[in-house]
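Structure, as C-alpha cells:
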Amino acid sequence: LAKTTQPISMDSYEGQEVNITCSHNNIATNDYITWYQQFPSQGPRFIIQGYKTKVTNEVASLFIPADRKSSTLSLPRVSLSDTAVYYCLVGIYNTDKLIFGTGTRLQVFP
Amino acid sequence: DGGITQSPKYLFRKEGQNVTLSCEQNLNHDAMYWYRQDPGQGLRLIYYSQIVNDFQKGDIAEGYSVSREKKESFPLTVTSAQKNPTAFYLCASSGQFYSPLHFGNGTRLTVT
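As you go down the protein sequences, you meet chains A and B in turn. Each residue of the first sequence is one higher than the one before, counting from 1 in this note's numbering. Each residue of the second sequence is one higher than the one before, counting from 1001 in this note's numbering.
Following this line, the structure appears as C-alpha cells:
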C-alpha cells in the first residue's frame, strides 16, 4: 500500500519558485496525485491534480516522473500569502482509498 | 453558491458528554468524509460514506459514530468513549472517481 512522505518544512523568499516533493512508493499506473493548501483553522483547498508527466494550471504545476515514486508541486514566484501547509494526496485507482501525505509547512519571507 | 458547511465553528463540551458535529453539502456529491486534525499534525480519516445509508470506518473510528440518511448530510457524533476528543474536525465531500475533495472550514472541539 502506498505511503506518502513530505519534508516537514521549507523556507522561501517572495518571488522565488518553490518545489515541494511528495514521495510515494508503490503507486500504480492509474493512481492519481492531488495537492492541497491549508491555512490555519481552515479546511484544505484544492491546488492541482494529475496522474502522469506534467499538469499546469493558473497557480501551480505538478510534475510526476516516469517511475512515479514521487511527485513535485511547483509554485512559481511565491508571495507572503502562500505561507501555508501543503499536503499531497494519493488516490488509489478503482478503490475508495485516499492517502494523505504528512504535510509540508512553507514559510515565505519578504 | 455551492459548498460544504460545518457547524458550529467552535464547540465546548464537558467530559463524558456526547456531541454531534454537523456537515452539510449542496454540491450533489455522493461521497463524504470526516477527518481529525491535531495541532501541527496531518489529517486522519475517521469515517467515510460513498452513498446514502452506507458508511465505512476509517483509520481512527473508535469513539465516533456517523449516519448518512440524506445525500446532503453526514453528521459525526463524538461519544464519551473517545479518549482524546479535543481536536479540529474537518468534513469533506467529492464527486465521482478522481474528483478532488472539497473541505468545509472545520469545527474546533474542546472537551474539558
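Quick reminder that beta carbons are idealized off the backbone N, C-alpha and C, glycines included. Fair warning: this is a prediction, and the values are worked out from it, not measured in the lab.
Boundaries (first-last residue) of the beta strand (DSSP E) holding residue i
i	result
A/H24	V18 to N25
A/R105	T104 to F109
A/D11	S9 to Y13
B/R960	No answer is possible for residue 960 of chain B: the residues shown for chain B start at 1001 and end at 1112.
B/Y1089	A1087 to S1094
A/F63	S61 to I64
A/T4	K3 to T5
B/R1013	Y1010 to R1013
Secondary structure of residue i, DSSP reduced to three states
i	result
B/D1054	strand
A/L80	helix
A/I92	coil
A/L73	strand
A/G50	strand
B/A1061	coil
B/Y1098	coil
Residues bridged to residue i [DSSP beta-bridge criterion]
i	result
A/T34	A/Q49 and A/L89
B/E1024	B/T1005 and B/S1073
A/I99	A/V90
Beta-carbon separation (whole angstroms), residue i vs residue j, contact threshold 8 Å
i	j	result
B/S1073	B/C1023	7 Å
Three or more C-beta pairs under 8 Å: does that hold for the region 1098-1105 of chain B against the region 1046-1062 of chain B?
With a cut-off of 8 Å, the region 1046-1062 of chain B and the region 1098-1105 of chain B do not count as touching, because too few Cβ pairs lie within range.
Indicate whether the contact test is met: 3 or more Cβ pairs, each with one atom in the region 73-93 of chain A and one in the region 21-39 of chain A, closer than 8 Å.
Three or more Cβ pairs drawn from the region 73-93 of chain A and the region 21-39 of chain A lie within less than 8 Å of each other, which places the two stretches in contact.
Decide if the region 1090-1104 of chain B is in contact with the region 1028-1041 of chain B; the criterion is three or more beta carbon pairs, one per stretch, under 8 Å apart.
A contact exists between the region 1090-1104 of chain B and the region 1028-1041 of chain B.
Under 8 Å, CB to CB, which of the residues in the region 20-50 of chain A have a partner in chain C?
Absent here is chain C; the protein component of the structure consists of chains A and B.
Any contact between the region 67-83 of chain A and the region 1005-1015 of chain B? By contact I mean 3 or more CB pairs, one from each, below 8 Å.
no
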